[in-house]
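Student:
2 protein chains.
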Amino acid sequence: METFGIGIAGLGVVGSGVAKNLVKNAELITQRTGFKFEIKAAALRDPALAHGIVDPSKVKLTTNSMELANDPSIHIIVELMGGTDAPRTLIQESLKNGKAVVTANKALLAECGEELTALAAHHRKPFGFEASVAGGIPVLKALREGLVANNILSIHGIVNGTCNYILSQIAQTGSTYGAALAEAQKLGFAEADPTLDVEGFDAMHKTVVLAALAHGFWIPQEMVHVQGISKLASEDFAFAKMLGYTIKLIATVKSHPDGAVEAHVQPTFVPNRHVLASVSSSFNALAIKGDVVGETLFYGRGAGSDPTASAVIADIVDAAAALSGGHAPHLGATHSLYAKIKPYEETMAPYYIRLGALDKPGTLATIAQVFAAHQIGISSVFQPKDHPGDFVPLILLCDTAPERDVRLALAGIAGLGVVNGPATAIRLEEFAP
Amino acid sequence: METFGIGIAGLGVVGSGVAKNLVKNAELITQRTGFKFEIKAAALRDPALAHGIVDPSKVKLTTNSMELANDPSIHIIVELMGGTDAPRTLIQESLKNGKAVVTANKALLAECGEELTALAAHHRKPFGFEASVAGGIPVLKALREGLVANNILSIHGIVNGTCNYILSQIAQTGSTYGAALAEAQKLGFAEADPTLDVEGFDAMHKTVVLAALAHGFWIPQEMVHVQGISKLASEDFAFAKMLGYTIKLIATVKSHPDGAVEAHVQPTFVPNRHVLASVSSSFNALAIKGDVVGETLFYGRGAGSDPTASAVIADIVDAAAALSGGHAPHLGATHSLYAKIKPYEETMAPYYIRLGALDKPGTLATIAQVFAAHQIGISSVFQPKDHPGDFVPLILLCDTAPERDVRLALAGIAGLGVVNGPATAIRLEEFAP
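Those sequence lines, one after another, are chains H and G.
Mapping of the first sequence onto this note's numbering: position 396 corresponds to residue 759, and the numbering continues sequentially without gaps.
Mapping of the second sequence onto this note's numbering: position 315 corresponds to residue 678, and the numbering continues sequentially without gaps.
(1) The alpha helix (DSSP H) that contains residue 529 (chain H), what's its start and end?
(2) Closest to residue 593 (chain G) by C-alpha separation, out of G:388, G:526, G:713, G:757, would be which residue?
(3) Is it right to say residue 670 (chain H) is buried, meaning 16 or more other beta carbons lie within 10 angstroms of its own, or is it exposed?
(4) If you compare alpha carbons, which of G:396, G:554, G:578, G:462 is closest to residue 626 (chain G)?
(5) Excluding the 5 residues flanking residue 635 (chain G) on each side, which residues of the same chain have their C-beta closer than 7 Å to its C-beta?
(6) List the residues of chain H whose Cβ lies closer than 9 Å to the Cβ of residue 486 (chain G), in chain order.
(7) When you compare only the Cα positions, how much space is there between residue 423 (chain G) and residue 650 (chain G)?
(8) Can you name the start and end residues of the beta strand (DSSP E) that residue 716 (chain G) belongs to?
(9) Using 8 Å for Cβ pairs, my map puts residue 398 (chain G) next to residue 365 (chain G). What's the rounded Cβ distance?
(10) In its own chain, which residues sit with a C-beta less than 7 Å from the C-beta of residue 654 (chain H), not counting the 5 before and 5 after it?
(11) Apply the 10 Å Cβ neighbour rule to residue 728 (chain G) and answer buried if 16 or more other Cβ atoms are within range, or exposed otherwise.
(12) For residue 663 (chain H), go through chain G and note every residue whose CB falls closer than 8 Å to its CB, in chain order.
(13) Just checking my contact of residue 589 (chain H) with residue 628 (chain H) at CB under 8 Å: how many whole Å lie between their CB atoms?
(14) Under the assumption that residue 405 (chain H) contacts residue 386 (chain H) (Cβ atoms under 8 Å), give the Cβ distance between them as a whole number of angstroms.
(15) Checking contacts by CB at 8 Å: is residue 365 (chain H) closer than that to chain A?
(16) Quick one: which chain H residues come within Cβ less than 7 Å of residue 518 (chain G)?
(17) Nearest by alpha-carbon distance to residue 683 (chain H): which of G:738, G:511, G:587 is it?
(18) Here's a check: name, in chain order, each residue in its chain whose Cβ is nearer than 8 Å to the Cβ of residue 766 (chain G), leaving out the five neighbours to either side.
(19) List in chain order: all unbroken beta strand (DSSP E) runs of 3+ residues lying wholly within the segment 593 to 658 of chain H.
(20) Quick one: does residue 390 (chain H) have its CB under 8 Å from some CB of chain G?
(21) If you reduce the DSSP assignment to three classes, tell me which class residue 410 (chain H) lands in.
(22) Identify the contact partners of residue 504 (chain H) in chain G, using a Cβ-Cβ distance below 9 Å as the criterion.
(23) Check the C-beta distance from residue 520 (chain H) over to residue 614 (chain H) and give it rounded, since I have them as a contact under 8 Å.
(24) Helix, strand or coil: how does DSSP classify residue 748 (chain H) here?
(25) What residues of chain G sit near residue 670 (chain H), judged by a beta carbon separation below 8 Å?
(26) For the segment 461 to 478 of chain G against the segment 443 to 453 of chain G, do three or more pairs of beta-carbon atoms, one drawn from each stretch, fall closer than 8 Å, so that the two count as touching?
(27) Unbroken alpha helix (DSSP H) runs of length 4 or more, entirely within the segment 551 to 583 of chain G: which are they?
(28) Less than 8 Å separating the beta-carbons of residue 432 (chain H) and residue 439 (chain H)?
(29) Pull up the CB-CB distance for residue 685 (chain G) and residue 463 (chain G), whole angstroms please, since I reckon it's below 8 Å.
(30) Mind checking if residue 579 (chain H) is an interface residue toward chain G, Cβ cutoff 8 Å exclusive?
(31) Do residue 458 (chain G) and residue 428 (chain G) come within 8 Å of each other at the CB atom, strictly closer than that value?
(32) For residue 401 (chain G), which residues of its own chain have a beta-carbon under 7 Å away from its beta-carbon, when the five flanking residues on both sides are left out?
(33) Considering only the beta carbon of each residue, do residue 788 (chain H) and residue 773 (chain H) sit closer than 8 Å?
(34) Is residue 647 (chain G) close to chain H, meaning its C-beta is less than 8 Å from at least one C-beta of that chain?
(35) If the cut is a Cβ gap below 9 Å, which residues of chain G does residue 644 (chain H) touch?
(36) In whole angstroms, give me the CA-to-CA distance for residue 497 (chain G) and residue 663 (chain G).
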């Protein structure tokens, strides 16, 4: 029986879940793996708050997380502090000192993933971050190991539970964005300052991690196009419903035959026939398409104390197995098969477009001519009847076209005096076979 | 760069997919893992059929699979022969000779899984069988590793693509069982002799494997209750639809607080609001509930040359990593936390029941009294109007009750002269939170 010492930096929502479940299911985990895990030390801002989470007679408490990196009784460091500077230093020192590291810190990975995975590879030490994307769903393991035989053609993920809760509420109850956000905050699905979630930055961090595991290189986060959900208009939810779609915040990673990779996050019309459309509340799901396996989908809770702890503990066990065998697991090593990033403006998609159009014969012809001039096909036009006034909503579904061309066409239309303001353009993802 | 020699026994649908994709994605796999794989030998009944699948100038062809077990250039044996006797001997000899083994053979695992996993553990050699359940979906890896922190509370799986294709066709087009089966055979989704699939035996084999990984012991296959789809009546599909359900062949593994495990396969009413209801055609999906992670779901292609090859190659890579590190991965080792099997008659479920009932006042009271006498609650009664005759269909939805009590109640009713034949009873799975 091998015993591994664990040091946990951060005993908040996730850290306390890890401590609780490591103890609760200790016998099961040991019987399954042959390993025993002992929490040797925990670092937290106020050691008094550790009461009831870990046993202070067995677990050394400290306010200085760097003590964990230098504690010889600790084999595996679990970084759950939040922020980026202190975690980065802790992880660097821990790897240098020969310890395995597990983290759930997607913001850190999006910023320093390349450096930290290279450092782990250099020291041949396990570095796990399953909990950084989609909480309890073992989707990074699937990308890294289960689908290792595949060129990953596409990933479409609902990876932010806060946004998905808000979008589901609006779609299902007709509530406003503000009311749905307030409800999410009340239920603990959204932070007091929800910016990181609702503006798409958290999903962007996860997109960087997904792309790295799928394609072997770390996309600089500033090259991932991000659009959040806070500016969606309620009428677009109604039109989506009418047309058979559901609006979801989708993190997309797609590879192209020339090795280019596109990665972006934005509200997207998902057809109701696709499983992703039915992923509601704070659940996460990822549709992953590989050139060998075809379509797969992974679904579960993307956040919360217990689901995230499930992923952290799985990484702890994998780290122990690797330390025990004296080898680091394949980390989805960086490689050069893909390394080009497709600029967002060159990425292609069909679009839902809503214009406030002058209610006069000839308006549609004027608008259609601009799309035609940009080689953009229009597959449907839809004009709701019950909007009296000089300007009425005009819905167009455009065929697949580069983002740049759609943007240019809409800018062209804006100058012709037949619309009353900027158009709304939302991507469609048809999940064609 | 470490190179591993591969020996493939069986170059049929799956074997040829493995050979093709190992070559096609060789560079990607090597960049990701640091390992190179070379097919050294292949065993097949007629070596002439290897033409176009492997390069005979590099791959030794033999009709005797045991030659692979004794070939020192081979490190990993891939068993894809079918049958049980020859594969069993091949796997035994290969493990004894220090080779890792990968197989997709669920019938063999259901019969000899305990013996073969024990032998692999004894020799400390990797033994992978990801492809034996749900083809390309990395669900065994999820159970073994990704969800290692969890008591697995339940698994509900659509694990047989043939049955799911047939059931989807009947539900969506109103076709008969016979026509749907013929269509499945034409499309290659069903064998000429479909017994193994449509009578539920293939799903039962997979249930044994799922239960072993979830609960640490191998349930003797004769203790898994099996009911296939060939005797379902078309009217039950219509009633299911009317009531908001879809009939699926569900493989169930559930654990109970006392350590007892139930495992069975039968047609089941799945509520349309649950994702499993929307899994159509030959796709597979498994809903897995853990005590830490909560609800998860895994979806993808459960069969076919490429999807199955995706899983086999993932096992090959894992085997190489373990051989390289000199340690066997944790195999979902057998343990004693669970070891009791709950007899089918004691398992509990709500039921859909259809009776041909005498169209006369008092019939329902007579029937209801029998259910009451067995302490079985009735939550809904439903009598379609358009069935003239002395006997009319009577649909009851019963509350959760032991299978034995439901069976006894129906036997009691059969003797009272108010029904015209044996009742149809189909389990409901409500997926309560």
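We put the CB at the ideal spot given by N, CA and C, even for glycine.
Tutor: So, from the listed chains and residues:
(1) 524 to 536
(2) G:526
(3) buried
(4) G:578
(5) 607, 608, 609
(6) Near residue 486 (chain G) there are no residues of chain H at all, since even the closest Cβ is about 16 Å away, more than 9 Å.
(7) 42 Å
(8) 711 to 721
(9) 5 Å
(10) 513, 514, 516
(11) exposed
(12) 656, 657, 658, 659, 660
(13) 5 Å
(14) Contact flag wrong, Cβ pair sits at about 13 Å.
(15) Absent from the structure: chain A. Protein chains present are H and G.
(16) Chain H residues near residue 518 (chain G): none, gap ~14 Å exceeds 7 Å.
(17) G:511
(18) 707, 708, 709, 710, 711, 712
(19) 608 to 618, 623 to 634, 646 to 653
(20) yes
(21) helix
(22) 501, 504, 505, 508, 509
(23) 4 Å
(24) coil
(25) 655, 656, 657
(26) yes
(27) 558 to 561, 564 to 578
(28) no
(29) 7 Å
(30) yes
(31) no
(32) 366, 368, 369
(33) yes
(34) no
(35) What residue 644 (chain H) touches in chain G: nothing, since even the nearest Cβ is about 11 Å away.
(36) 8 Å
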